[in-house]
Amino acid sequence: MPPLRSPYGAAGVVNGALLAAVLASVTLWHSYQGAERAALEASIAQANAQLAREAQARGEAPVRIESLAIPFDALHRKLETAIPRGHGPDLFLAAHDRLGDWARLGLLRPLPEAVAARWRSRVLPGLAEALTDGRGRLLAFPFTFKGLVLYRNRQLVRDAPPDMAALEALAPAMRARGGWALGYDTGSFFFHAPFFLAHGARVFAEPPERGDPPPFAVFDRRARASYAYVIGLAERGVIPREVSSATLARLFEAGRLATVISGPWFAGQIDLPADRWAVSALPRLRGRRLGSFVTVEGLFVAASSRDVPAAVRAAQALLDAWRVRARRGLQPPVLRSAWRAPERAALPPLVAAQERALAHGRVTPNRPEMALVWEPVGRLLKETLWRGEPLEPALARARTALAIASRPPPPARDPAPWLVVAGVLLLGACGWALVRARRLHLVDRVRRERFPLLMSLPAAVAVALLVGVPLLTGVVLSLFAHVDGGFRFVGWANFVDLLGSRSYGPSDPLSFWFTLGVTVLWTAVNVALHVTIGLVLALALARTGLRFGRLWRVLLILPWAVPNYITALVWRGLFDTQLGAINALLGLAGLEPVAWFQRFWTAFGANVVTNTWLGFPFMMVVALGALQSVPRELEEVARLAGANRWQRFRHVEWPFVRPALVPAVLLGSVWTFNMFNVIYLVSGGEPGGATEILISEAYKWAFERRMRYGYAAAYAVLIFAILLLYGRFVLGGRERDAAVGPREVRA
Numbered sequence: 236m237p238p239l240r241s242p243y244g245a246a247g248v249v250n251g252a253l254l255a256a257v258l259a260s261v262t263l264w265h266s267y268q269g270a271e272r273a274a275l276e277a278s279i280a281q282a283n284a285q286l287a288r289e290a291q292a293r294g295e296a297p298v299r300i301e302s303l304a305i306p307f308d309a310l311h312r313k314l315e316t317a318i319p320r321g322h323g324p325d326l327f328l329a330a331h332d333r334l335g336d337w338a339r340l341g342l343l344r345p346l347p348e349a350v351a352a353r354w355r356s357r358v359l360p361g362l363a364e365a366l367t368d369g370r371g372r373l374l375a376f377p378f379t380f381k382g383l384v385l386y387r388n389r390q391l392v393r394d395a396p397p398d399m400a401a402l403e404a405l406a407p408a409m410r411a412r413g414g415w416a417l418g419y420d421t422g423s424f425f426f427h428a429p430f431f432l433a434h435g436a437r438v439f440a441e442p443p444e445r446g447d448p449p450p451f452a453v454f455d456r457r458a459r460a461s462y463a464y465v466i467g468l469a470e471r472g473v474i475p476r477e478v479s480s481a482t483l484a485r486l487f488e489a490g491r492l493a494t495v496i497s498g499p500w501f502a503g504q505i506d507l508p509a510d511r512w513a514v515s516a517l518p519r520l521r522g523r524r525l526g527s528f529v530t531v532e533g534l535f536v537a538a539s540s541r542d543v544p545a546a547v548r549a550a551q552a553l554l555d556a557w558r559v560r561a562r563r564g565l566q567p568p569v570l571r572s573a574w575r576a577p578e579r580a581a582l583p584p585l586v587a588a589q590e591r592a593l594a595h596g597r598v599t600p601n602r603p604e605m606a607l608v609w610e611p612v613g614r615l616l617k618e619t620l621w622r623g624e625p626l627e628p629a630l631a632r633a634r635t636a637l638a639i640a641s642r643p644p645p646p647a648r649d650p651a652p653w654l655v656v657a658g659v660l661l662l663g664a665c666g667w668a669l670v671r672a673r674r675l676h677l678v679d680r681v682r683r684e685r686f687p688l689l690m691s692l693p694a695a696v697a698v699a700l701l702v703g704v705p706l707l708t709g710v711v712l713s714l715f716a717h718v719d720g721g722f723r724f725v726g727w728a729n730f731v732d733l734l735g736s737r738s739y740g741p742s743d744p745l746s747f748w749f750t751l752g753v754t755v756l757w758t759a760v761n762v763a764l765h766v767t768i769g770l771v772l773a774l775a776l777a778r779t780g781l782r783f784g785r786l787w788r789v790l791l792i793l794p795w796a797v798p799n800y801i802t803a804l805v806w807r808g809l810f811d812t813q814l815g816a817i818n819a820l821l822g823l824a825g826l827e828p829v830a831w832f833q834r835f836w837t838a839f840g841a842n843v844v845t846n847t848w849l850g851f852p853f854m855m856v857v858a859l860g861a862l863q864s865v866p867r868e869l870e871e872v873a874r875l876a877g878a879n880r881w882q883r884f885r886h887v888e889w890p891f892v893r894p895a896l897v898p899a900v901l902l903g904s905v906w907t908f909n910m911f912n913v914i915y916l917v918s919g920g921e922p923g924g925a926t927e928i929l930i931s932e933a934y935k936w937a938f939e940r941r942m943r944y945g946y947a948a949a950y951a952v953l954i955f956a957i958l959l960l961y962g963r964f965v966l967g968g969r970e971r972d973a974a975v976g977p978r979e980v981r982a
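Using this note's numbering, you'd call the opening residue of the sequence shown number 236 and step up by one each time.
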């Protein structure tokens, strides 16, 4: 080896070594938490050891897997953003239901044919098919799968119930103790799937020709029979009408649910000794075993991978390290050999039950159109089960919602006229700015004040980048439609659809005008309560001689200091129908419990109570600060003149408080108008989207309704325009009052 003749040569060798090290590492993105994450890390350690041994035997540099955990809600967005730009991982773990979209977006690398053929023969039936596209290419390694099983409280149900008739027979005894024989998330289509499939229903009626719109079958005769069946279960008291995944575990622990239909994640949510509960396959219904939708988690090779052979070797090594994931993470293995003796006997009971879920269930379709089904069917279930509405009208509304969701995007428009108009407007704005600058002698002023302007330049650049660029991007995006991973220019189509109520009528909860009305009402009620409560408390705290005044101030500021998402979750629990403290207090008072989120006004009231708790401390602090500025001499003069408490407030304190409250009200209105967390976490938009506000609707169009980013951007532009006009109106009124004020004083 020749000697290194310069530091540049040494640096090149070091950089080359570092580059080799980078290329030899395989990055894996996942969203696992808790026991699953610990088991994955342990299996990665085993896979790295295996890869090192294989590399040593071949005399090559070893490949090493490095993992990165990403929150579940953010994983899909990061993948769709990073991979097309070459910044994504080599491998990632995700459910198979987005495979169709990801393949269409070009985010995936198909597995080599030889590797795909070998793994098709090694895994359980149905798993490889879930990860295969319409051209027959295997797009991911099957990693694990998850289906629904039956959990039972062994003190209430000793043996696994053979059929639904046994559970119905248990219902009277459970009703006597204030419980139910069976529980599941009654507002979710995924958890309704066992009854949906048992009635012979299908999501798609038949395989359509390539490129044709899908013939949805989720509202046909057999599907309707499944919805009617669970409505009957609720009417007979076999299942609770309103229950969600968040409360199932608590009801099960309290002995109010004898059995629960859920997935393997439920085992980590219940706090009971292992001998108090057991799992089994789902029971039968009319002689047919209940199945479930089965989710297959795939180990995908990303299109951003720089070393596909290394990524494939790493993936296979990780799949071979399945034992630690099965025993510690309770993840069912995908290999056929893992389900043969003696390996099968060593699997935990929960893992063994998953194999029966796969055998009797159906892998969720991986077509992109599947994403359109969840919300309309979920809304149908909530309307009929949670709110007790008739089935046929709810079916009609769900059909309409699915038809609108599956409607093709607006046609493309020629952007040339728009560019011409934009250019003319830009030139006109530049000309107006030049004329204005000349009239104001702006050049001379800049020369005189160049130092303070120079000092403020960093702040101006920051505002332009952090406010101006996103705002301009949103305006431009509102003129496009997101189609197959790209953007199609559609002009005013999104605004015409929104403002013209082309998708939903003005009185429909999903229409822009209905949501705008709810948003205005929401803002007005909240701000009025914030100001009233805050002002009353400020007047009370401003009194001289108040005992423990400082302590009261600290305690009353605490609701504002706690993060609003934590407060929202706490209040959501308080309003829970089954386990909430508010309904418990109503029961102690001899009143019937209230299903808070089944009616508009009760759900709206729950949101308002939560946001009032969050918002009044801010107004209290502002008003208290203004009251501190009132001269004591004026108060004494008013008191000596015989003014009562109302007169002293009206003529002495209010003139000092009002100027401080105007900007506070403006700021509070903007905050409340866009208070996403409370709506999303407390009512979730229930009932049927009626309590959504504009910002939460924009979020759902962007991230829950097939990535309609342009439609969501149109919402955002309209929100900005409304708040801009409102702010101008409020500040304009303040300027008029300031101009009138001195004349009133002189008078």
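Glycine included, C-beta positions come from ideal geometry on N, C-alpha and C.
Small disclaimer: the values here were computed from a predicted structure and weren't measured.
Between the CA atoms of residue j and residue i - distance to the nearest angstrom
i	j	result
leucine 534	phenylalanine 380	12 Å
asparagine 799	arginine 563	35 Å
glycine 414	arginine 614	25 Å
leucine 468	leucine 616	13 Å
phenylalanine 918	alanine 636	In the sequence under discussion, the amino acid at residue 918 is serine, which differs from the phenylalanine named in the question. The straight-line gap from Cα to Cα measures roughly 20 Å.
alanine 484	isoleucine 505	5 Å
alanine 304	tryptophan 264	6 Å
arginine 272	leucine 585	18 Å
alanine 317	leucine 310	10 Å
isoleucine 300	valine 718	34 Å
valine 797	alanine 561	40 Å
leucine 966	serine 742	32 Å
arginine 521	tyrosine 915	39 Å
valine 478	leucine 734	36 Å
arginine 807	leucine 492	21 Å
leucine 391	glutamine 566	28 Å
Helix, strand or coil at residue i according to DSSP, with G and I counted as helix
i	result
arginine 240	Low confidence applies to arginine 240: its pLDDT is 40, below 50, so where it sits in the model is not reliable enough to give any reading.
threonine 599	coil
serine 461	helix
serine 302	strand
alanine 556	coil
leucine 711	One detail in the question is off: residue 711 reads as valine in this sequence, not leucine. In this structure, valine 711 counts as helix in the three-state DSSP scheme.
serine 738	coil
serine 572	helix
tryptophan 264	strand
tyrosine 915	helix
tyrosine 934	helix
leucine 966	helix
phenylalanine 832	coil
phenylalanine 466	Checking the sequence, you will find isoleucine at residue 466 rather than phenylalanine. Of the three classes helix, strand and coil, the one that applies to isoleucine 466 here is helix, per DSSP.
Opposing strand residues paired with residue i [DSSP bridges]
i	result
aspartate 398	Arg519
tryptophan 806	Paired residues: none, contrary to the question.
arginine 927	In the sequence as presented, arginine is not what sits at residue 927; that position holds glutamate. None, per the DSSP bridge assignment.
threonine 379	Glu532
alanine 330	Glu532
histidine 717	Phe722
valine 514	Tyr386
Nearest candidate by alpha-carbon position, reference residue i, set the options
i	options	result
alanine 647	Gly726, Val655, Ala606 and Val681	Gly726
proline 866	Phe891, Pro852, Val844 and Phe487	Phe891
valine 187	Phe851, Ala668 and Arg437	As shown, the chain starts at 236 and ends at 982. That puts residue 187 outside it, with no answer to give.
tyrosine 267	Ser260, Leu607 and Pro306	Pro306
leucine 385	Ala270, Phe426 and Asp308	Phe426
*Counting Cβ pairs closer than 8 Å, one from the stretch 933 to 948 and one from the stretch 828 to 838, do we hit at least three?*
Output reads no: the stretch 828 to 838 does not touch the stretch 933 to 948.
*asked:* I want to know whether the stretch 342 to 351 touches the stretch 535 to 550 - three or more CB-CB distances under 8 Å.
replied: Result yes; three or more Cβ-Cβ pairs closer than 8 Å.
_Three or more C-beta pairs below 8 Å linking the stretch 580 to 595 and the stretch 281 to 297_ = No, the stretch 580 to 595 does not touch the stretch 281 to 297.
_For the structure I just gave you, are there three or more beta carbon pairs, one from the stretch 869 to 883 and one from the stretch 775 to 792, closer than 8 Å?_
Per the Cβ contact rule, the stretch 869 to 883 is not in contact with the stretch 775 to 792 (fewer than 3 Cβ pairs under 8 Å).
*Using 8 Å as the Cβ pair cut-off and three pairs as the minimum, do the stretch 451 to 460 and the stretch 514 to 523 touch?*
No, because fewer than three Cβ pairs between the stretch 451 to 460 and the stretch 514 to 523 fall closer than 8 Å, the two stretches do not touch.
*Contact between the stretch 317 to 327 and the stretch 586 to 593: three or more CB pairs below 8 Å?*
Judged by Cβ distances under 8 Å, the stretch 317 to 327 makes no contact with the stretch 586 to 593, as fewer than three pairs qualify.
*asked:* Could you check whether the stretch 396 to 416 touches the stretch 358 to 374, counting it as contact only if at least three pairs of C-beta atoms, one from each stretch, sit closer than 8 Å?
replied: By the Cβ test, the stretch 396 to 416 is not in contact with the stretch 358 to 374, since fewer than three Cβ pairs between them sit closer than 8 Å.
*Evaluate the contact criterion for the stretch 887 to 905 versus the stretch 850 to 864: three or more CB pairs, one atom per stretch, below 8 Å.*
Verdict: yes, contact present.
*Determine, using beta-carbon pairs with one atom in the stretch 837 to 847 and one in the stretch 947 to 966, whether at least three such pairs fall under 8 Å.*
The stretch 837 to 847 makes no contact with the stretch 947 to 966, as fewer than three CB pairs between them are under 8 Å.
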